[in-house]
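Asker:
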Amino acid sequence: MDFDCKFLVLTEPYDFIEDAVRLLQIGLLNSAKATEFTHAILNPPYLKINANSKVRELLHSIGLETSNLYTGFMAATAQLLKPSGEFVAITPRSFCFCNGPYFRDFRKMFLEMMALQQVHLFESRQEAFSDDDILQETIIIQAIKKRQKSSSVIINTSFGANDDLIMSQSVPYTALVNPNDQEQFIHIIPDKISKQIVERIEIFPCTLKDLGITVSTGRVVDFRSKEYLRVNLENNTVPLIYPVNLANGYVEHPKITKKPQAIVSLEKTANLLIPNEHYVLCKRFSSKEEKRRVVAMVYDANQFNYAYVGFENHLNYFHKDGRGLSLSLARGLAIYLNSTLVDAFFRLFNGHTQVNATDLRKLKYSNLEQLLALGIEITEQFPCLRKIDELIENQLQSMSNLSENNPIVTKSRIDEALQILTQLGFPRTQLNERSALTLLALLGLKPTDSWQFATSPLMGITPIMDFMAQHYGKTYKPNTRETVRRQTVHQFLDAGLIVANPDNLSRPVNSPKTAYQIQNSALELLRTYGTEEWEKSICTYLASVETLKKQYAQEREMSRIPIVIDGDIKTLSPGGQNILIEKIINDFAFRFTPNGKLIYVGDTDEKFAHFDAAALTDLGVNIDSHGKMPDVIIHFTTNNWLVLIKAVISHGPINPKWKKEFEVLFRSAEIPLVMVTTFLSRKAMVAYLAEIAWETDVWVAEDSTHLIHFNGEYLLQAYQIEKKQIS
């Protein structure tokens, strides 16, 4: 895109931190010589800083204690800005702002001098930077250098960097950064469901400190203790528990794995071991796109006849002053941590794959009585996730009168739709929340509705997006409608999952009235989801889907409009501007460009029905047919003119803006350009009369033997030729 703007680039061959500190120190000594900037856009480098390094010392001199260049670059840049200067940076979501104690000093410094204006969150770690090994969710922040904070902040959310479907909402500044939070964490709440999740967690009354419980990191760092590790239990050893030993709510030990299953128990390893009592273990790391972030298990000491046990460093463990919990309390705490509500809350404020002890300490918990009650619910068999969520929901209902939909039920319904799309074989690019919500809208399924009651409403794109907002709390920007159409609905059509305009097959697919409906066989299939019939039904459906797609394609083909180009019969999709294009080819071209060569004919379904790129190249024009194009291009060989024709049905005529764009697009043409706007009727023309550009022509199909010349002296804008001859 050409913005026709110029700017000067000056590259300084200096170390940024060194030079920034130098400039800041000059400003401190002599404000008249201070160097300040109005705007800063940065993608800071990730690099750990050694404690005794020169960079660490330089950053300390400007008031920042940090262990990474990310925060160093951001802090120095913010200090170099003028008052009211604008700051934009891309950064890992969790790294600087959203959790963890390591960058507390940076957060306090940055948020004191800068006022956040907008935050954009990329939900997928893989999609935002697919070519890089990114383990953290990414955000872009925009801030203004001022101490006075705005009343609200815009939160935008998209799946990845190339996703145009953007959710947007305004939240109070204090909801983003709580002024009473000593850590100064940024809490990004992108939608209504997220807000409901936060509100539900806040209902729980206790912190770990209130419960007298502590969470610590496993003491055994295996590469530092290699000489004491053993493959299996033997004399003078005790069990060593790794994350791989966690399964089905409890600890499975010993396990056939590459990890050693025992550690020698002696005086040198005493500080690595803890008493063999009941604990709750929680994984510190999850894999890149693992379904669950928080995974907790019960360590039942009754299963191990040893005095001590070792927990490897990739585990967190819950205890009371270094001793174990009661078995009922351990079970209850594990149930709470494994709930979908806790996992969803944790994902909101934890953008990476780590589950730090600090994050677990800040979490709200059920009270002691409630945790014990949860623990009594289970014995050796750990409950399924549905049962866990039911138990947690019952506790919430007993503490508060919750009238809104359960956000976990809403989230689970979206996950079910995603699972269906996966089983239907949709490619990875379609396996996202947008596609899941589109499917649910086209089934008329609300979060609490049974799949057996799925329906087949006829819906356009706007009603689909309204359904997402009303029933699933996902409010997308209005200008993202085309993204839903292009990146989800079109793929559903191609797969035969839905049909377009079943109420009127002659309606063009680009009509504002275009509506979509779930295909009948697909509806019957989806009504069996969650039943014993599902597996058999989906196999039958997948075996027959190609036949269904062909049948629907044949129905639409029968409605297509035939045209003849160079002796070959081609067809246009039915309805809309293609009705007018057919008249342009058969009536206009026959009368006004006799023996002319058709170079390009557009089509609402296929982008174009005919394109002779070589003929256009011979005239000196090389363009991309997927960009902005006229609806019809004719080489009028008799006069050697290139005729550009726009068919107007629902979009405007060749106005001054379009005329300029066509002149730029075809500027390399070696012959004169002639531009014609066409209408089906005079009544249609009247609505656009004031917009039509001078030095263009107008043709009305109902008066097909005449042209209207806008300041043209001869047929088809011969005025332009005369001007060139006079000059």
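In this note's numbering, the protein residues as written are 26 to 752. From the three backbone atoms N, C-alpha and C, an ideal C-beta is built for every residue, glycine too. Predicted, not measured: the structure shown is a model, and the values here were computed from it.
#1: Please classify Ser460: does DSSP put it in a helix, a strand, or coil?
#2: So Arg356 and Ile413 are supposed to be a Cβ contact under 8 Å. How far apart are they, rounded?
#3: Return the Cβ separation of Asp368 and Arg318 in integer angstroms, given the expectation that the two are a contact with Cβ distance under 8 Å.
#4: Cβ of Gln10 within 7 Å of Cβ of Val113?
#5: Taking the C-alpha atoms as reference points, what is the distance between Gln328 and Glu394?
#6: Going straight from the alpha carbon of Leu698 to that of Gln512, what length do you get?
#7: Take Val509 as the anchor and find which of Val524, Ile191, Ile213, Val305 has the nearest alpha-carbon.
#8: Tell me the DSSP secondary structure of Met493 in three-state form.
#9: Which two residues bound the contiguous beta strand (DSSP E) that contains Leu427?
#10: The beta strand (DSSP E) that contains Ser183, what's its start and end?
#11: Measure the Cβ-Cβ separation of Ile674 and Ala718 and say whether it is below 7 Å.
#12: Going by C-alpha distance, which of Ile439, Pro204, Thr182 is nearest Glu137?
#13: For the pair the region 101–113 and the region 70–81, tell me if three or more CB-CB distances fall below 8 Å.
#14: Hey, how far is the Cα of His496 from the Cα of Asn647?
#15: Kindly indicate which three-state DSSP category Gln209 falls into: helix, strand or coil?
#16: Can you check which of these residues, Ser693, Phe135, Thr539, is closest to Gly485 by C-alpha distance?
#17: Do three or more CB pairs link the region 435–442 to the region 452–467 at distances below 8 Å?
#18: Taking only the alpha-carbon atoms, compute the straight-line gap between Gln422 and Gln50 and give it to the nearest angstrom.
#19: Please give me, in chain order, every unbroken run of the beta strand (DSSP E) with length at least 3 that falls completely inside the region 236–317.
#20: Alpha helix (DSSP H) containing Trp683: first to last residue?
#21: Going by DSSP, what residue range makes up the beta strand (DSSP E) through Leu393?
#22: Whose CA, out of Leu396, Tyr541, Ile226, Ala715, lies closest to the CA of Asp528?
#23: Pairs of beta-carbons, one from the region 612–620 and one from the region 720–735, closer than 8 Å: are there three or more?
#24: With DSSP run on the structure shown, which of helix, strand or coil describes Cys564?
#25: So, is Gln455 buried or exposed, given that buried needs 16 or more other C-beta atoms within 10 angstroms?
#26: With a threshold of 7 Å on Cβ separation, who are the neighbours of Pro587 within its own chain once the five nearest residues in sequence on each side are excluded?
#27: Bridge partners for Asp593 per DSSP, in chain order?
#28: Thinking just about the alpha-carbon of each residue, which of Ser78, Gln406, Leu470 is nearest to the one in Ser437?
#29: Count the other CB atoms within 10 Å of the CB of Asn301; is the residue buried (16 or more) or exposed (fewer)?
#30: Kindly indicate which residue of Ala709, Ser475, Leu468 has the alpha-carbon position closest to the one of Ile489.
#31: Whose C-beta lies closer than 7 Å to the C-beta of Glu695 among residues of the same chain, with five residues either side of it excluded?
#32: Quick one: measure Cβ to Cβ for Thr91 and Asp44, integer angstroms, because I've assumed they're closer than 8 Å.
#33: Return helix, strand or coil for Leu573, following the three-state DSSP convention.
#34: Compare the C-alpha of Glu337 against each of Phe370, Glu418, Leu254 and name the closest.
#35: Excluding the five sequence neighbours on either side, which residues of its own chain have a C-beta within less than 6 Å of the C-beta of Val320, listed in chain order?
#36: Are three or more beta carbon pairs between the region 274–293 and the region 346–355 nearer than 8 Å?
Answerer: The short version:
#1: Residue state, collapsed to three classes: helix.
#2: The C-beta separation of Arg356 from Ile413 comes to about 11 Å, leaving the pair out of contact by the 8 Å criterion.
#3: 6 Å
#4: As shown, the chain starts at 26 and ends at 752. That puts residue 10 outside it, with no answer to give.
#5: 26 Å
#6: Our two residues, Leu698 and Gln512, have alpha carbons roughly 35 Å apart in a direct line.
#7: Answer by Cα proximity: Ile191.
#8: Met493 falls in the helix class under three-state DSSP.
#9: Unbroken run through Leu427: none, as it is neither H nor E.
#10: 177–183
#11: Ile674 is not a Cβ neighbour of Ala718, given a cutoff of 7 Å.
#12: Residue Pro204 is the option with its Cα nearest to Glu137.
#13: no
#14: 48 Å
#15: coil
#16: Closest option to Gly485, Cα to Cα, is Thr539.
#17: yes
#18: So the two alpha carbons sit approximately 58 Å from each other.
#19: If only uninterrupted beta strand (DSSP E) runs of at least 3 residues are considered, those enclosed by the region 236–317 are 239–242, 262–266, 287–289, 298–300, 304–308.
#20: 681–690
#21: Going by DSSP, Leu393 is part of no beta strand (DSSP E) but of the alpha helix (DSSP H) stretching over 393–401.
#22: Tyr541
#23: yes
#24: helix
#25: buried
#26: Ile594, Thr596
#27: Ile590
#28: Leu470
#29: buried
#30: Leu468
#31: Leu644, Gly645
#32: Incorrect: roughly 18 Å between the Cβ atoms, too far for contact.
#33: Model confidence at Leu573 stands at a pLDDT of 49, short of 50, so the residue's coordinates are unreliable; what they give is reported in the following sentence. It is helical.
#34: Comparing Cα positions, the closest option is Leu254.
#35: Lys308
#36: no
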